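So the sequence shown is numbered by the UniProt record's numbering: it starts at 1 and just counts up by one.
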Amino acid sequence: MKIPRGDKPMQHLDDATRTELEAAAFRHLLKHLDQHKEVQNIDLMILADFCRNCLSKWLVTAAEERGAELDYEAAREYVYGMPYGEWKDKHQAPATPEQLAALEARQQAKKEAGQ
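See the structure below:
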């Protein structure tokens, strides 16, 4: 079966199936990040302009938009798979001068691009 492309990807799927697929992909992303704790949030920010904390904030925003209650700490515990402080103590390394410079350059480029 050829999958339709265009303005509405996955338009051939009903809403429930599409939502299930999106949720499964999100869970897989969280599992992948959990399996790669060596990838620091600053690295994600430098390369992709998002991190685990961003995912947590997006969950909170999605909950608010739907009238559901989800606080930021609960969202972070879901994303990190443990309380954030515990994850940070176990897995977060201090940012290197190179990482900080790369993040600053990324943020400056975004600012110059009007983002």
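Each residue gets a CB set at the ideal place from its N, CA and C atoms; glycine is no exception.
As the structure is a computational prediction, the values presented were derived from the model and not from experiment.
Roughly how many whole angstroms lie between the Cα atoms of Gln-108 and Pro-94?
Going by the C-alpha atoms only, they are around 22 Å apart.
Quick check on this structure: which residue in Asp-14, Thr-17, Gln-35 and His-12 has the alpha carbon closest to the alpha carbon of Val-79?
Selected option, being the one with the closest Cα: Gln-35.
Expressed to the nearest angstrom, what Euclidean distance is found between the alpha-carbon atoms of Tyr-72 and Glu-65?
Straight-line Cα distance between these residues: approximately 14 Å.
Please go through the same chain and pick out, in chain order, the residues whose beta-carbon is closer than 6 Å to the beta-carbon of Glu-77, but skip the five residues on each side of it.
Excluding positions up to five away in sequence, the list reads Pro-83.
Measuring CA to CA, which of Arg-52, Leu-47 and Cys-51 is closest to Ala-101?
Closest by alpha carbon: Leu-47.
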